[in-house]
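According to UniProt numbering, the stretch in the sequence shown is residues 1 to 429, in order.
Here a beta-carbon is modelled for each residue, glycine too, at the ideal position from N, C-alpha and C.
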Amino acid sequence: MTIDILDRSITPAFQTIQEVFIPAVKNVTLSNGLPLHIINVGEQPIIKLELIFNAGNWFEDNKGASFFTTKMLNEGTSSHNSASISQFFDQYGAFTEFTHSVDRASFVLYGLSKHLGQLLPMVQEILQDSIFPQKELDTIKKIQQQTIQVNKEKTSFVANQKIRNSIFGENHPYGTNLTQEVIESITRENLVKYYQSHWQNQPFRIFLSGKITDQEIELVNNILGSIPVGNTHNINYDYTDNGIDTTAFLIEKENALQSSVRLGKQLFTRSHPDYFNMLVVNEILGGYFGSRLMKNIREEKGLTYGIGSNVVPFSKSGYFIVGTDVKKEFTQLTIDEIVKEIQILRTELVSEEELTTVRNYMSGAFAGSLNTPFEIADRYKVIMSEQLPLDFYQQYFQHIQQVTSEDILATAQKHLDPTSLIEVAVGGK
Numbered sequence: 001m002t003i004d005i006l007d008r009s010i011t012p013a014f015q016t017i018q019e020v021f022i023p024a025v026k027n028v029t030l031s032n033g034l035p036l037h038i039i040n041v042g043e044q045p046i047i048k049l050e051l052i053f054n055a056g057n058w059f060e061d062n063k064g065a066s067f068f069t070t071k072m073l074n075e076g077t078s079s080h081n082s083a084s085i086s087q088f089f090d091q092y093g094a095f096t097e098f099t100h101s102v103d104r105a106s107f108v109l110y111g112l113s114k115h116l117g118q119l120l121p122m123v124q125e126i127l128q129d130s131i132f133p134q135k136e137l138d139t140i141k142k143i144q145q146q147t148i149q150v151n152k153e154k155t156s157f158v159a160n161q162k163i164r165n166s167i168f169g170e171n172h173p174y175g176t177n178l179t180q181e182v183i184e185s186i187t188r189e190n191l192v193k194y195y196q197s198h199w200q201n202q203p204f205r206i207f208l209s210g211k212i213t214d215q216e217i218e219l220v221n222n223i224l225g226s227i228p229v230g231n232t233h234n235i236n237y238d239y240t241d242n243g244i245d246t247t248a249f250l251i252e253k254e255n256a257l258q259s260s261v262r263l264g265k266q267l268f269t270r271s272h273p274d275y276f277n278m279l280v281v282n283e284i285l286g287g288y289f290g291s292r293l294m295k296n297i298r299e300e301k302g303l304t305y306g307i308g309s310n311v312v313p314f315s316k317s318g319y320f321i322v323g324t325d326v327k328k329e330f331t332q333l334t335i336d337e338i339v340k341e342i343q344i345l346r347t348e349l350v351s352e353e354e355l356t357t358v359r360n361y362m363s364g365a366f367a368g369s370l371n372t373p374f375e376i377a378d379r380y381k382v383i384m385s386e387q388l389p390l391d392f393y394q395q396y397f398q399h400i401q402q403v404t405s406e407d408i409l410a411t412a413q414k415h416l417d418p419t420s421l422i423e424v425a426v427g428g429k
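Written as structure tokens, this is what we have:
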């Protein structure tokens, strides 16, 4: 018998991904007019039910109301306290998540398909009859205050907060921070008011993903389709971008051994014509382990364990950010090298070899993010919530394949002028 020995000196063969198939979403309108989006993929009898509300920071009348309302939803109803709610979901092997962002808030349920009929009435009860008990609110406020107190000692936490409120303004929903003062000022009445105006009997989107049959769709319609839904809360929330004029901030922390460096600027939403190009520019600069910032600042100069850049889109705007942590004495050198790499992107064409590597990486990462029905649902969640074309991600994939070095150069010149970047260093120089 002969044994084939693998020659590890030879690079394995690879194929470029030519296309990506994203299963279609099925759209259903419930009896009360709510939209239900169904992603029927997978063989396991598990489901993810996500209910998405326009209830993020953008819609707040009182700072912190969105965060604490979402946080408190499962802390009690007229019929069940927080312990009995948790016990209820546990007995069916289900669990819930209540997520909050600057734009939206979500109620997520994971469970077995066969238990959906038993689980949905409790979901309905939380949506229509949360009571926000004072004792639980006091406990959550205390926990959040302690968390912030600890985080304020972390240079990375302070830098992330500072760069956001510098880009958008401290009172803008995308730049506001949860502070000790905000937490202290939040009252139960604030949460009840926000719940009534943005959650209770308010329109929402429903995403049902997993192994879905007509039976699950009927159950959702029977329970969630019976909720009386009023008109959308019609206050016109419109905020002026009120970023800080100063372009460089140094926050000294004497006991800190390192500095957290952030460079950033306001950008745009996913619907902007330069969005796809900007994603590729970002990937080349600092979006993956083989990026230029990693090669220069980590591998060649050894200034940090890791550095990266990111394009962060929201519903109404977005921002670009570069971030890393370095020893204090390397702070200015690191900033100089980041700016140098940005300038190179703005003045020199990317080689076809590097662009091919980035294309392949982005294509592979995208294909790998579509392995489960829940991940596919997350893609459609963005499309539906931000009213993007249904083929948005097919367009993204095709654009990656077709983008040119000239496109990269033009986009970097247009959107990455170093003088437009806000600089934050927390720790010292």
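Answer with buried or exposed for residue i, where buried requires no fewer than 16 other C-beta atoms within 10 angstroms of its C-beta.
i: residue 111; result: buried
i: residue 190; result: buried
i: residue 150; result: exposed
i: residue 376; result: buried
i: residue 289; result: exposed
i: residue 97; result: exposed
i: residue 21; result: exposed
i: residue 94; result: buried
i: residue 373; result: buried
i: residue 271; result: exposed
i: residue 318; result: buried
i: residue 323; result: buried
i: residue 90; result: exposed
i: residue 8; result: exposed
i: residue 259; result: buried
i: residue 130; result: buried
i: residue 60; result: buried
Rank the options by C-alpha distance to the C-alpha of residue i and give the top, closest one.
i: residue 314; options: 18, 174, 159, 38; result: 174
i: residue 159; options: 251, 109, 121, 91; result: 251
i: residue 88; options: 122, 336, 102; result: 122
i: residue 217; options: 145, 299, 120; result: 120
i: residue 262; options: 205, 336, 215; result: 336
i: residue 400; options: 267, 42, 258, 282; result: 282
i: residue 299; options: 57, 92, 265, 334; result: 334
i: residue 397; options: 417, 40, 366; result: 366
i: residue 361; options: 184, 287, 148; result: 287
i: residue 379; options: 208, 154, 10; result: 208
i: residue 428; options: 325, 192, 202, 164; result: 325
i: residue 327; options: 103, 156, 40; result: 156
i: residue 82; options: 53, 126, 42, 47; result: 126
i: residue 305; options: 316, 321, 330; result: 330
i: residue 100; options: 395, 68, 76; result: 68
i: residue 265; options: 320, 363, 26, 278; result: 320
i: residue 311; options: 267, 363, 35, 212; result: 267
i: residue 269; options: 103, 84, 394; result: 103
i: residue 197; options: 66, 92, 181; result: 66
Does the beta-carbon distance from residue i to residue j come in below 9 Å?
i: residue 23; j: residue 210; result: no
i: residue 194; j: residue 55; result: yes
i: residue 221; j: residue 28; result: yes
i: residue 280; j: residue 419; result: no
i: residue 32; j: residue 226; result: yes
i: residue 188; j: residue 132; result: yes
i: residue 347; j: residue 390; result: no
i: residue 303; j: residue 292; result: no
i: residue 342; j: residue 421; result: yes
i: residue 204; j: residue 51; result: yes
i: residue 176; j: residue 63; result: yes
i: residue 117; j: residue 219; result: yes
i: residue 424; j: residue 162; result: yes
i: residue 201; j: residue 128; result: yes
i: residue 426; j: residue 248; result: no
i: residue 179; j: residue 143; result: no
i: residue 384; j: residue 37; result: yes
i: residue 34; j: residue 206; result: yes
i: residue 363; j: residue 16; result: yes
i: residue 212; j: residue 47; result: yes
i: residue 141; j: residue 85; result: no
i: residue 105; j: residue 53; result: yes
Touch check for the region 394 to 409 and the region 352 to 370: three-plus C-beta pairs under 8 Å? Yes, the region 394 to 409 is in contact with the region 352 to 370.
Within the region 105 to 147, ranges of the beta strand (DSSP E) (whole runs, at least 3 residues): 105 to 112
What alpha helix (DSSP H) runs, 4 residues minimum, are completely inside the region 60 to 110? 65 to 72, 82 to 91
Is it the case that the region 124 to 140 contacts the region 72 to 87, given that we only count it when at least three CB pairs across the two stretches are under 8 Å? Yes, they touch.
Could I get the ranges of all uninterrupted alpha helix (DSSP H) runs contained in the region 228 to 307, with 4 residues as the minimum, in chain order? 275 to 282
Quick check on the DSSP output: what are the complete alpha helix (DSSP H) runs of length 4 or more inside the region 400 to 425, in order along the chain? Runs of the alpha helix (DSSP H) inside the region 400 to 425: 405 to 415.
Contiguous alpha helix (DSSP H) assignments of at least 4 residues, all confined to the region 316 to 345: none
Whole beta strand (DSSP E) runs in the region 146 to 211 with 3 or more residues, listed along the chain? 205 to 210
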